[in-house]
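If you count the sequence shown from 1, position 42 lands on 53 in our numbering, and the numbers rise without skipping. From the three backbone atoms N, C-alpha and C, an ideal C-beta is built for every residue, glycine too. Below is one structure, written out as structure tokens; the observations come after it.
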Amino acid sequence: MAINLNYPKTSEIKKPNGIFIVFNDYEKDDDFQDFINFVVSKLDVDSPESVQFPYSQAAVIDLPGGEITAMFHDDTGCCVRVAPDEQALADLVVRACYGEPSG
């Protein structure tokens, strides 16, 4: 997991199935709804329906520039997944949530 020094509240994981932006302030299953509320308020989009799985939760959020999946998993905590080739969309989400990088 790579910690983004410009955005210390997030970490980035790149996998074949997507880019995962982990939001370090939202670590527990109980944080998921607060996490969804935070992300959709910062992106100014409608709150999605979430789906509960045995070890995770997920919610698809539609954006003008594409689709992101907000999710919780025991291994990562709360994160946003974008397609592997959507680094610009991942960056947009982080900037929307935390502003422009400080350094």
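Buried or exposed by the 16-neighbour rule on C-beta atoms within 10 Å, applied to residue i
i, result
"G88", "buried"
"G29", "buried"
"F4", "Nothing about residue 4 can be read from this structure; the chain reaches only from 12 to 114."
"A70", "buried"
"A101", "buried"
Whole-number beta carbon distance between residue j and residue i, since they are thought to touch under 8 Å
i, j, result
"C108", "F31", "Between F31 and C108 the Cβ distance is about 14 Å, and since that is not below 8 Å, they are no contact."
"S123", "I47", "Residue 123 is absent from the model: the chain starts at 12 and stops at 114."
"D36", "F83", "The pair is not a contact, with the Cβ atoms about 13 Å apart (cut-off 8 Å)."
Residue i vs residue j beta-carbon contact at 8 Å
i, j, result
"V50", "A81", "yes"
"I72", "R92", "no"
"G76", "L103", "yes"
"K20", "F34", "yes"
Among the options, the one whose alpha carbon lies nearest that of residue i
i, options, result
"K26", "D102, D96 and V105", "D96"
"D57", "D86, L74 and E38", "L74"
"E38", "D85, P59, Q98 and S52", "D85"
"S22", "P59, S52 and V105", "V105"
Contained beta strand (DSSP E) runs [length at least 3] in the stretch 48 to 102, N- to C-terminal order = The stretch 48 to 102 contains these whole beta strand (DSSP E) runs: 67 to 74, 77 to 84 and 88 to 93.
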